[in-house]
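Per my numbering, the sequence shown starts with residue 126, numbered consecutively.
Even glycine gets a Cβ: it sits at the ideal position worked out from N, Cα and C.
Only one structure is covered here, and it is reproduced in the block below.
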Amino acid sequence: MNEEEKNLIEEEQIYVPEKRDYEQEILEFFSSNLSLKNLREKLSDYHENDIASILPRLTKEQRSHLYKALGVDRVSDVFAYLDEVEEYIEELDSEKAADIIESMDADDAVDVLDELEEEKKEEIINLMEKESVADIQLIDSYGEDEIGSKMTTNYISFKKTFTVKQAMRAVIKEAEENDNITTLYALNEDDTFYGAIQLKDLIRARDTTPLDDIITTSYPYVYAKESVSACLEQLKDYSEDSIPVLNKDNLLIGVITSNDIVEVVDEELGEDYAKLAGLTEEEDVNEPVFKSIKKRIPWLLILLALGLVVSSVITKFQENIPMGLLILYSFQSLILGMSGNTGTQSLGVTIRVLGDEDFKGKDKIKFILKELRVGLLNGLIIGIISFVFIGLYVTYLTDYPKDYGIPLYGFEISACIGFSLVATTVMASLIGTLIPMGFKKIGIDPAVASGPLITTVNDLISVFTYYGLSLLLFVQIGLFSYPL
(Lines of atoms letter the chains of each structure in order from A and count residues from 1; the text may use other names and numbers.)
(Lines give C-alpha, C1' and ligand atoms only; values in the text may rest on other atoms or scores of the structure.)
Protein backbone atom coordinates (compact mmCIF):
# COMPACT_ATOMS: atom_id res chain seq x y z
CA MET A 1 0.00 0.00 0.00
CA ASN A 2 1.52 3.30 -1.12
CA GLU A 3 1.41 6.60 0.79
CA GLU A 4 -1.42 8.02 -1.34
CA GLU A 5 -3.68 5.04 -0.61
CA LYS A 6 -2.96 5.37 3.12
CA ASN A 7 -3.93 9.05 3.04
CA LEU A 8 -7.20 8.25 1.24
CA ILE A 9 -8.11 5.64 3.88
CA GLU A 10 -7.31 8.05 6.72
CA GLU A 11 -9.42 10.80 5.12
CA GLU A 12 -12.34 8.38 4.70
CA GLN A 13 -12.13 7.34 8.36
CA ILE A 14 -12.05 10.95 9.57
CA TYR A 15 -14.80 12.23 7.24
CA VAL A 16 -18.27 12.41 8.80
CA PRO A 17 -21.13 13.23 6.40
CA GLU A 18 -23.03 16.41 7.20
CA LYS A 19 -26.42 15.70 8.76
CA ARG A 20 -29.65 17.17 7.49
CA ASP A 21 -30.88 20.21 9.37
CA TYR A 22 -34.49 19.21 9.96
CA GLU A 23 -35.34 22.42 11.79
CA GLN A 24 -34.14 24.56 8.90
CA GLU A 25 -36.10 22.42 6.45
CA ILE A 26 -39.30 22.94 8.46
CA LEU A 27 -38.70 26.69 8.68
CA GLU A 28 -38.37 26.88 4.90
CA PHE A 29 -41.92 25.55 4.55
CA PHE A 30 -43.21 28.75 6.13
CA SER A 31 -41.44 30.93 3.60
CA SER A 32 -43.13 29.00 0.78
CA ASN A 33 -46.72 29.94 1.71
CA LEU A 34 -47.90 26.32 1.56
CA SER A 35 -51.58 25.50 1.89
CA LEU A 36 -52.76 23.72 5.04
CA LYS A 37 -53.03 20.43 3.15
CA ASN A 38 -49.54 20.67 1.64
CA LEU A 39 -48.01 21.79 4.94
CA ARG A 40 -49.67 18.86 6.72
CA GLU A 41 -48.26 16.42 4.17
CA LYS A 42 -44.77 17.90 4.41
CA LEU A 43 -44.74 17.84 8.22
CA SER A 44 -45.90 14.23 8.39
CA ASP A 45 -42.29 13.21 7.65
CA TYR A 46 -40.84 15.10 10.62
CA HIS A 47 -40.58 14.22 14.29
CA GLU A 48 -42.63 16.19 16.84
CA ASN A 49 -39.46 17.17 18.71
CA ASP A 50 -38.07 18.92 15.61
CA ILE A 51 -41.36 20.74 15.10
CA ALA A 52 -41.37 21.82 18.76
CA SER A 53 -37.84 23.19 18.38
CA ILE A 54 -38.85 25.70 15.69
CA LEU A 55 -41.88 27.17 17.52
CA PRO A 56 -39.88 30.02 19.14
CA ARG A 57 -38.61 31.03 15.68
CA LEU A 58 -42.11 31.40 14.19
CA THR A 59 -44.44 34.37 14.44
CA LYS A 60 -47.75 34.03 16.25
CA GLU A 61 -49.55 33.92 12.88
CA GLN A 62 -47.22 31.21 11.58
CA ARG A 63 -47.77 29.14 14.71
CA SER A 64 -51.53 29.48 14.30
CA HIS A 65 -51.19 28.23 10.70
CA LEU A 66 -49.03 25.35 11.95
CA TYR A 67 -51.59 24.30 14.59
CA LYS A 68 -54.36 24.22 11.99
CA ALA A 69 -52.23 22.10 9.67
CA LEU A 70 -51.22 19.60 12.35
CA GLY A 71 -54.55 19.09 14.09
CA VAL A 72 -55.24 18.74 17.80
CA ASP A 73 -53.68 15.30 18.34
CA ARG A 74 -50.38 16.15 16.64
CA VAL A 75 -50.15 19.56 18.34
CA SER A 76 -50.55 17.83 21.71
CA ASP A 77 -47.61 15.56 20.82
CA VAL A 78 -45.53 18.61 19.83
CA PHE A 79 -46.36 20.47 23.05
CA ALA A 80 -45.24 17.44 25.08
CA TYR A 81 -41.67 18.12 23.88
CA LEU A 82 -41.63 21.76 25.00
CA ASP A 83 -39.88 22.80 28.21
CA GLU A 84 -41.76 26.11 28.40
CA VAL A 85 -45.29 25.74 27.03
CA GLU A 86 -47.17 28.50 28.88
CA GLU A 87 -46.68 31.24 26.27
CA TYR A 88 -48.01 28.98 23.50
CA ILE A 89 -51.06 27.93 25.52
CA GLU A 90 -51.78 31.60 26.23
CA GLU A 91 -51.96 32.25 22.47
CA LEU A 92 -54.87 29.82 22.15
CA ASP A 93 -58.47 30.29 23.20
CA SER A 94 -59.44 28.20 26.24
CA GLU A 95 -61.48 25.64 24.28
CA LYS A 96 -58.63 24.95 21.86
CA ALA A 97 -56.14 24.72 24.75
CA ALA A 98 -58.45 22.30 26.58
CA ASP A 99 -58.72 20.06 23.49
CA ILE A 100 -54.93 19.96 23.09
CA ILE A 101 -54.20 19.24 26.76
CA GLU A 102 -56.95 16.62 26.83
CA SER A 103 -55.24 14.78 23.95
CA MET A 104 -51.95 14.58 25.87
CA ASP A 105 -50.91 11.72 28.11
CA ALA A 106 -52.10 12.55 31.62
CA ASP A 107 -48.56 12.99 32.97
CA ASP A 108 -47.69 15.47 30.21
CA ALA A 109 -50.99 17.29 30.79
CA VAL A 110 -50.14 17.67 34.49
CA ASP A 111 -46.77 19.23 33.60
CA VAL A 112 -48.41 21.70 31.21
CA LEU A 113 -51.19 22.70 33.62
CA ASP A 114 -48.68 23.23 36.43
CA GLU A 115 -47.03 25.96 34.34
CA LEU A 116 -50.25 27.97 33.98
CA GLU A 117 -51.72 30.63 36.23
CA GLU A 118 -54.30 29.16 38.62
CA GLU A 119 -57.20 31.03 36.99
CA LYS A 120 -56.27 29.86 33.47
CA LYS A 121 -55.68 26.34 34.75
CA GLU A 122 -59.15 26.11 36.33
CA GLU A 123 -60.77 27.52 33.21
CA ILE A 124 -59.16 24.87 30.99
CA ILE A 125 -59.90 22.00 33.39
CA ASN A 126 -63.59 22.96 33.48
CA LEU A 127 -63.72 22.54 29.69
CA MET A 128 -62.16 19.06 29.68
CA GLU A 129 -63.88 15.66 29.77
CA LYS A 130 -64.38 14.18 33.26
CA GLU A 131 -62.36 11.05 32.45
CA SER A 132 -59.31 13.09 31.41
CA VAL A 133 -59.64 15.34 34.45
CA ALA A 134 -59.82 12.27 36.73
CA ASP A 135 -56.52 10.93 35.32
CA ILE A 136 -54.86 14.33 35.74
CA GLN A 137 -56.13 14.71 39.31
CA LEU A 138 -54.94 11.19 40.16
CA ILE A 139 -51.36 11.96 39.11
CA ASP A 140 -51.50 15.45 40.62
CA SER A 141 -52.62 13.99 43.97
CA TYR A 142 -49.16 12.54 44.60
CA GLY A 143 -46.30 14.56 46.01
CA GLU A 144 -43.42 15.60 43.80
CA ASP A 145 -41.12 13.13 45.57
CA GLU A 146 -43.54 10.21 45.13
CA ILE A 147 -43.24 7.94 42.09
CA GLY A 148 -47.00 8.25 41.46
CA SER A 149 -46.43 11.82 40.29
CA LYS A 150 -44.21 10.51 37.46
CA MET A 151 -46.52 7.77 36.12
CA THR A 152 -48.76 7.79 33.07
CA THR A 153 -52.21 6.29 32.64
CA ASN A 154 -51.35 5.33 29.06
CA TYR A 155 -51.46 1.52 29.28
CA ILE A 156 -53.65 -1.45 28.34
CA SER A 157 -54.94 -4.03 30.81
CA PHE A 158 -57.45 -6.88 30.79
CA LYS A 159 -58.61 -9.73 33.01
CA LYS A 160 -56.37 -12.77 33.37
CA THR A 161 -59.36 -14.98 32.48
CA PHE A 162 -59.40 -13.63 28.92
CA THR A 163 -58.55 -15.92 26.05
CA VAL A 164 -55.68 -15.00 23.73
CA LYS A 165 -58.26 -13.95 21.15
CA GLN A 166 -60.10 -11.69 23.62
CA ALA A 167 -56.84 -10.14 24.75
CA MET A 168 -55.87 -9.35 21.13
CA ARG A 169 -59.25 -7.72 20.55
CA ALA A 170 -58.76 -5.58 23.66
CA VAL A 171 -55.34 -4.45 22.42
CA ILE A 172 -56.67 -3.55 18.96
CA LYS A 173 -59.63 -1.68 20.48
CA GLU A 174 -57.58 0.36 22.95
CA ALA A 175 -54.39 0.90 20.90
CA GLU A 176 -55.71 4.11 19.33
CA GLU A 177 -56.14 5.75 22.75
CA ASN A 178 -53.29 4.02 24.59
CA ASP A 179 -50.23 3.50 22.41
CA ASN A 180 -47.99 2.11 25.15
CA ILE A 181 -48.59 -1.48 24.04
CA THR A 182 -45.22 -3.23 24.21
CA THR A 183 -46.09 -4.50 27.69
CA LEU A 184 -49.69 -5.41 28.61
CA TYR A 185 -51.08 -6.01 32.08
CA ALA A 186 -53.30 -8.78 33.42
CA LEU A 187 -55.65 -8.22 36.35
CA ASN A 188 -57.45 -10.45 38.81
CA GLU A 189 -61.25 -10.45 38.94
CA ASP A 190 -61.13 -7.79 41.67
CA ASP A 191 -58.92 -5.60 39.39
CA THR A 192 -55.79 -6.14 41.50
CA PHE A 193 -52.53 -6.56 39.60
CA TYR A 194 -51.76 -10.13 38.50
CA GLY A 195 -48.90 -9.97 36.00
CA ALA A 196 -47.60 -8.74 32.65
CA ILE A 197 -47.56 -9.98 29.07
CA GLN A 198 -45.20 -8.95 26.30
CA LEU A 199 -47.08 -8.05 23.10
CA LYS A 200 -44.74 -10.22 21.02
CA ASP A 201 -45.68 -13.25 23.16
CA LEU A 202 -49.38 -12.49 22.75
CA ILE A 203 -49.02 -12.20 18.96
CA ARG A 204 -47.15 -15.51 18.73
CA ALA A 205 -49.57 -17.38 20.99
CA ARG A 206 -52.26 -19.59 19.48
CA ASP A 207 -55.90 -18.79 20.11
CA THR A 208 -56.21 -21.98 22.15
CA THR A 209 -53.23 -21.14 24.40
CA PRO A 210 -54.34 -20.33 27.98
CA LEU A 211 -53.47 -16.69 28.66
CA ASP A 212 -52.02 -17.71 32.02
CA ASP A 213 -49.25 -19.58 30.18
CA ILE A 214 -47.75 -16.35 28.80
CA ILE A 215 -48.33 -14.10 31.84
CA THR A 216 -45.27 -13.25 33.94
CA THR A 217 -46.65 -13.16 37.48
CA SER A 218 -43.35 -12.19 39.14
CA TYR A 219 -43.13 -8.97 37.14
CA PRO A 220 -41.53 -5.97 38.93
CA TYR A 221 -43.84 -3.23 40.24
CA VAL A 222 -43.78 -0.17 42.49
CA TYR A 223 -46.26 1.49 44.82
CA ALA A 224 -47.39 5.01 43.97
CA LYS A 225 -46.46 6.34 47.42
CA GLU A 226 -42.85 5.13 47.23
CA SER A 227 -40.17 7.80 46.95
CA VAL A 228 -38.75 8.54 43.52
CA SER A 229 -35.14 7.93 44.62
CA ALA A 230 -35.98 4.53 46.17
CA CYS A 231 -37.84 3.42 43.04
CA LEU A 232 -35.02 4.48 40.73
CA GLU A 233 -32.67 2.12 42.55
CA GLN A 234 -35.13 -0.71 41.89
CA LEU A 235 -36.08 0.22 38.33
CA LYS A 236 -32.53 0.72 37.03
CA ASP A 237 -31.90 -3.01 37.49
CA TYR A 238 -34.65 -3.89 35.00
CA SER A 239 -34.70 -3.28 31.25
CA GLU A 240 -38.47 -3.34 30.84
CA ASP A 241 -40.34 -0.86 28.64
CA SER A 242 -42.73 -0.06 31.46
CA ILE A 243 -43.26 -0.91 35.13
CA PRO A 244 -46.73 -1.03 36.75
CA VAL A 245 -47.62 1.40 39.54
CA LEU A 246 -50.02 0.12 42.22
CA ASN A 247 -51.96 1.80 45.00
CA LYS A 248 -52.09 0.50 48.57
CA ASP A 249 -54.85 -1.97 47.59
CA ASN A 250 -52.69 -3.45 44.79
CA LEU A 251 -54.91 -1.92 42.11
CA LEU A 252 -53.10 -0.98 38.89
CA ILE A 253 -53.39 2.81 38.54
CA GLY A 254 -50.60 3.65 36.08
CA VAL A 255 -47.21 2.72 34.66
CA ILE A 256 -43.71 4.15 34.60
CA THR A 257 -42.29 3.95 31.08
CA SER A 258 -38.61 3.78 30.17
CA ASN A 259 -38.92 7.35 28.87
CA ASP A 260 -40.35 8.43 32.24
CA ILE A 261 -37.41 6.78 34.00
CA VAL A 262 -34.91 8.68 31.83
CA GLU A 263 -36.70 11.98 32.59
CA VAL A 264 -36.82 11.22 36.32
CA VAL A 265 -33.11 10.35 36.39
CA ASP A 266 -32.38 13.61 34.57
CA GLU A 267 -34.46 15.56 37.10
CA GLU A 268 -32.80 13.83 40.05
CA LEU A 269 -29.33 14.54 38.67
CA GLY A 270 -30.27 18.18 38.10
CA GLU A 271 -31.53 18.51 41.66
CA ASP A 272 -28.42 16.83 43.08
CA TYR A 273 -26.10 19.07 41.07
CA ALA A 274 -28.06 22.10 42.28
CA LYS A 275 -27.70 21.01 45.91
CA LEU A 276 -24.01 20.25 45.48
CA ALA A 277 -23.59 23.76 44.10
CA GLY A 278 -25.30 25.22 47.18
CA LEU A 279 -28.69 25.97 45.59
CA THR A 280 -32.03 25.23 47.25
CA GLU A 281 -33.35 23.84 43.95
CA GLU A 282 -32.43 23.45 40.29
CA GLU A 283 -32.08 26.70 38.37
CA ASP A 284 -33.26 27.32 34.83
CA VAL A 285 -31.18 29.36 32.41
CA ASN A 286 -34.15 31.52 31.36
CA GLU A 287 -35.73 32.22 34.74
CA PRO A 288 -35.95 35.75 36.22
CA VAL A 289 -33.06 37.22 38.20
CA PHE A 290 -34.97 37.49 41.47
CA LYS A 291 -36.08 33.86 41.25
CA SER A 292 -32.43 32.83 40.87
CA ILE A 293 -31.48 35.01 43.85
CA LYS A 294 -34.17 33.33 45.95
CA LYS A 295 -32.64 29.93 45.21
CA ARG A 296 -29.06 30.96 45.93
CA ILE A 297 -29.28 33.31 48.90
CA PRO A 298 -30.27 30.78 51.66
CA TRP A 299 -27.04 28.77 51.39
CA LEU A 300 -24.98 31.92 50.88
CA LEU A 301 -26.26 33.30 54.19
CA ILE A 302 -25.44 30.03 55.97
CA LEU A 303 -21.96 29.99 54.44
CA LEU A 304 -21.49 33.66 55.35
CA ALA A 305 -22.17 32.84 59.00
CA LEU A 306 -19.72 29.93 58.93
CA GLY A 307 -17.17 32.11 57.12
CA LEU A 308 -17.39 34.73 59.86
CA VAL A 309 -16.66 32.02 62.43
CA VAL A 310 -13.58 30.96 60.41
CA SER A 311 -12.39 34.59 60.23
CA SER A 312 -12.86 35.10 63.97
CA VAL A 313 -10.80 31.97 64.70
CA ILE A 314 -7.97 33.25 62.46
CA THR A 315 -8.10 36.63 64.21
CA LYS A 316 -7.88 34.96 67.62
CA PHE A 317 -4.76 33.04 66.62
CA GLN A 318 -3.27 36.13 64.98
CA GLU A 319 -3.36 37.95 68.32
CA ASN A 320 -1.10 35.29 69.86
CA ILE A 321 1.40 34.65 67.06
CA PRO A 322 4.61 36.75 67.07
CA MET A 323 5.33 38.94 64.06
CA GLY A 324 8.25 36.69 63.28
CA LEU A 325 5.93 33.78 62.52
CA LEU A 326 3.65 35.60 60.08
CA ILE A 327 5.12 33.41 57.35
CA LEU A 328 2.55 30.85 58.52
CA TYR A 329 -0.14 32.96 56.85
CA SER A 330 1.59 32.49 53.50
CA PHE A 331 0.67 28.80 53.54
CA GLN A 332 -2.84 29.10 54.97
CA SER A 333 -4.46 28.93 51.50
CA LEU A 334 -2.51 25.73 50.79
CA ILE A 335 -3.92 24.06 53.91
CA LEU A 336 -7.49 25.26 53.29
CA GLY A 337 -7.41 24.41 49.59
CA MET A 338 -6.12 20.89 50.14
CA SER A 339 -8.66 20.29 52.90
CA GLY A 340 -11.54 21.52 50.74
CA ASN A 341 -10.50 19.42 47.75
CA THR A 342 -10.14 16.28 49.86
CA GLY A 343 -13.54 16.80 51.49
CA THR A 344 -15.22 17.36 48.13
CA GLN A 345 -13.70 14.14 46.74
CA SER A 346 -15.02 12.15 49.71
CA LEU A 347 -18.40 13.86 49.42
CA GLY A 348 -18.76 12.88 45.76
CA VAL A 349 -17.87 9.24 46.41
CA THR A 350 -20.13 9.06 49.48
CA ILE A 351 -23.20 10.48 47.74
CA ARG A 352 -22.66 7.96 44.95
CA VAL A 353 -22.56 4.93 47.27
CA LEU A 354 -25.45 6.21 49.40
CA GLY A 355 -27.62 5.90 46.29
CA ASP A 356 -27.32 2.12 46.62
CA GLU A 357 -30.17 0.82 48.79
CA ASP A 358 -28.07 -2.27 49.67
CA PHE A 359 -25.43 -0.06 51.30
CA LYS A 360 -26.13 -0.74 55.00
CA GLY A 361 -24.63 -1.69 58.36
CA LYS A 362 -21.22 -3.29 57.97
CA ASP A 363 -20.81 -1.79 54.50
CA LYS A 364 -20.96 1.70 56.02
CA ILE A 365 -18.32 0.91 58.65
CA LYS A 366 -16.10 -0.64 55.99
CA PHE A 367 -16.55 2.40 53.75
CA ILE A 368 -15.74 4.88 56.54
CA LEU A 369 -12.56 2.96 57.42
CA LYS A 370 -11.58 2.88 53.76
CA GLU A 371 -12.04 6.66 53.42
CA LEU A 372 -10.02 7.10 56.62
CA ARG A 373 -7.16 5.04 55.17
CA VAL A 374 -7.33 6.89 51.85
CA GLY A 375 -7.25 10.24 53.66
CA LEU A 376 -4.34 9.16 55.85
CA LEU A 377 -2.23 7.83 52.97
CA ASN A 378 -2.99 10.85 50.78
CA GLY A 379 -2.15 13.11 53.71
CA LEU A 380 1.17 11.36 54.31
CA ILE A 381 2.16 11.62 50.64
CA ILE A 382 1.16 15.29 50.41
CA GLY A 383 2.62 16.08 53.84
CA ILE A 384 6.02 14.55 53.08
CA ILE A 385 6.26 16.28 49.69
CA SER A 386 5.28 19.61 51.28
CA PHE A 387 7.74 19.13 54.15
CA VAL A 388 10.65 18.68 51.72
CA PHE A 389 9.82 21.34 49.14
CA ILE A 390 8.55 24.03 51.52
CA GLY A 391 11.55 23.44 53.79
CA LEU A 392 13.94 23.95 50.88
CA TYR A 393 11.99 26.99 49.68
CA VAL A 394 11.94 28.76 53.07
CA THR A 395 15.59 27.92 53.83
CA TYR A 396 17.24 28.73 50.53
CA LEU A 397 14.87 30.97 48.56
CA THR A 398 13.65 33.40 51.22
CA ASP A 399 15.33 35.76 53.71
CA TYR A 400 12.88 34.75 56.40
CA PRO A 401 15.34 33.78 59.21
CA LYS A 402 17.57 36.82 58.60
CA ASP A 403 14.76 39.35 58.45
CA TYR A 404 13.22 38.43 61.77
CA GLY A 405 16.15 37.13 63.74
CA ILE A 406 14.19 34.11 64.96
CA PRO A 407 16.12 30.86 65.54
CA LEU A 408 13.68 28.87 63.41
CA TYR A 409 14.78 27.02 60.32
CA GLY A 410 12.81 26.39 57.13
CA PHE A 411 12.29 22.72 57.86
CA GLU A 412 10.65 23.50 61.20
CA ILE A 413 8.18 25.72 59.36
CA SER A 414 7.59 23.00 56.76
CA ALA A 415 7.15 20.42 59.54
CA CYS A 416 4.19 22.42 60.87
CA ILE A 417 2.70 22.53 57.40
CA GLY A 418 3.37 18.84 56.73
CA PHE A 419 1.77 17.69 60.00
CA SER A 420 -1.18 20.00 59.40
CA LEU A 421 -1.73 18.62 55.90
CA VAL A 422 -1.79 15.05 57.22
CA ALA A 423 -4.24 15.95 59.99
CA THR A 424 -6.55 18.12 57.85
CA THR A 425 -6.62 15.62 54.97
CA VAL A 426 -7.68 12.83 57.32
CA MET A 427 -10.36 14.98 58.96
CA ALA A 428 -11.60 16.35 55.63
CA SER A 429 -12.06 12.78 54.35
CA LEU A 430 -14.08 11.93 57.45
CA ILE A 431 -16.18 15.09 57.24
CA GLY A 432 -16.91 14.52 53.53
CA THR A 433 -18.04 11.00 54.43
CA LEU A 434 -19.82 11.40 57.77
CA ILE A 435 -21.86 14.56 57.07
CA PRO A 436 -23.80 13.14 54.07
CA MET A 437 -24.21 9.79 55.85
CA GLY A 438 -25.54 11.60 58.91
CA PHE A 439 -27.92 13.66 56.77
CA LYS A 440 -29.34 10.52 55.18
CA LYS A 441 -29.72 8.90 58.59
CA ILE A 442 -32.02 11.71 59.76
CA GLY A 443 -33.97 11.77 56.50
CA ILE A 444 -32.27 14.71 54.75
CA ASP A 445 -31.07 14.39 51.15
CA PRO A 446 -27.28 13.74 51.33
CA ALA A 447 -26.75 16.07 48.36
CA VAL A 448 -27.70 18.94 50.70
CA ALA A 449 -24.24 18.39 52.21
CA SER A 450 -23.11 20.52 49.32
CA GLY A 451 -19.59 21.29 48.17
CA PRO A 452 -19.68 24.83 49.64
CA LEU A 453 -20.93 23.54 53.02
CA ILE A 454 -18.31 20.79 53.25
CA THR A 455 -15.58 23.23 52.18
CA THR A 456 -16.55 25.84 54.78
CA VAL A 457 -16.77 23.29 57.61
CA ASN A 458 -13.39 21.94 56.55
CA ASP A 459 -11.98 25.49 56.53
CA LEU A 460 -13.06 25.96 60.14
CA ILE A 461 -11.51 22.70 61.32
CA SER A 462 -8.37 23.22 59.21
CA VAL A 463 -7.75 26.67 60.72
CA PHE A 464 -7.99 25.23 64.24
CA THR A 465 -5.71 22.36 63.29
CA TYR A 466 -3.08 24.39 61.41
CA TYR A 467 -2.60 27.18 63.91
CA GLY A 468 -3.17 24.92 66.89
CA LEU A 469 -0.47 22.48 65.79
CA SER A 470 1.87 25.36 64.94
CA LEU A 471 1.50 26.98 68.37
CA LEU A 472 1.84 23.64 70.13
CA LEU A 473 5.01 22.75 68.21
CA PHE A 474 6.66 26.14 68.73
CA VAL A 475 5.84 26.15 72.44
CA GLN A 476 7.31 22.67 72.80
CA ILE A 477 10.58 23.63 71.10
CA GLY A 478 10.78 26.72 73.29
CA LEU A 479 10.47 29.27 70.51
CA PHE A 480 8.05 31.33 72.59
CA SER A 481 5.77 30.83 75.57
CA TYR A 482 2.00 30.66 75.26
CA PRO A 483 -0.45 29.75 78.01
CA LEU A 484 -1.98 26.58 76.50
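- For Ile322, the enclosing beta strand (DSSP E) covers residues Phe318 to Gln323.
- The Cβ atoms of Ala194 and Leu164 lie closer than 7 Å to each other.
- The distance from the Cβ of Thr590 to that of Thr549 is about 5 Å, consistent with a contact at the 8 Å cut-off.
- Annotation: Val197 to Tyr319 spans about 36 Å, alpha carbon to alpha carbon.
- Inclusion of Lys275 and Ala311 in the CB contact set at 7 Å is not warranted, their separation being larger than that value.
- For the pair Ile386 and Leu360, the CB atoms are nearer than the 7 Å cut-off.
- Straight-line spacing of the CA atoms in Arg331 and Thr308 works out to 18 Å.
- According to the DSSP assignment, Pro369 belongs to the beta strand (DSSP E) that extends over Ser367 to Leu371.
- Fully enclosed alpha helix (DSSP H) runs of no fewer than 4 residues occupy 255 to 265 of the segment 253 to 277, in order along the chain.
- Leaving aside the five residues that flank Asp270 on each side, the residues in its chain whose CB is nearer than 7 Å to its CB run, in chain order, Ser352 and Val353.
- The segment 467 to 475 and the segment 487 to 504 touch, with three or more beta-carbon pairs separated by less than 8 Å.
- In this structure, DSSP gives Tyr348 an extended state, which the three-state scheme calls strand.
- Cβ contact annotation for Glu216 (same chain, cutoff 8 Å, sequence separation greater than five): Lys185, Arg188 and Ser189, in chain order.
- Counting along the chain, the unbroken beta strand (DSSP E) around Ser282 starts and ends at Ser282 to Lys284.
- Boundaries of the beta strand (DSSP E) around Tyr310: Thr308 to Leu312.
- Here Pro571 is buried, its C-beta having at least 16 other C-beta atoms within 10 Å.
- Non-local beta-carbon contacts of Ile322 in its own chain, meaning distances under 8 Å to residues more than five positions away in sequence, involve Ala292, Thr308, Leu309, Tyr310, Ala311, Leu336, Ile339, Ile340 and Thr341 in chain order.
- Within the same chain, Cβ atoms closer than 6 Å to the Cβ of Ser587 are found at Ile460, Leu461, Ser464 and Thr549, the five residues on either side in sequence being excluded.
- In the structure shown, Leu207 falls within a coil segment according to DSSP collapsed to helix, strand and coil.
- Around Met253, the same chain offers Ala223 and Glu227 as residues with beta carbons nearer than 6 Å, after the five sequence neighbours per side are excluded.
- In the DSSP assignment, Thr341 forms a beta bridge with Ala321.
- For Ile490, no beta strand (DSSP E) run applies; the uninterrupted alpha helix (DSSP H) run containing it begins and ends at Lys487 to Tyr521, by DSSP.
- For Tyr147, the closest of Lys290, Asp362, Asp265 and Lys167 by C-alpha to C-alpha distance is Lys167.
- Measuring C-alpha to C-alpha distances from Lys489 to each of Met562, Cys541, Asn158 and Ile306 identifies Met562 as the nearest.
- For a cut-off of 8 Å, the C-beta gap from Ile306 to Ile281 is around 6 Å, short enough to register as a contact.
- By alpha-carbon distance to Lys245, the top candidate from Ile214, Ile261 and Pro345 is Ile214.
- For Ile378, the uninterrupted beta strand (DSSP E) segment begins and ends at Leu377 to Thr382.
- The beta carbons of Asp366 and Thr382 sit about 7 Å from each other, so the pair counts as a contact at 8 Å.
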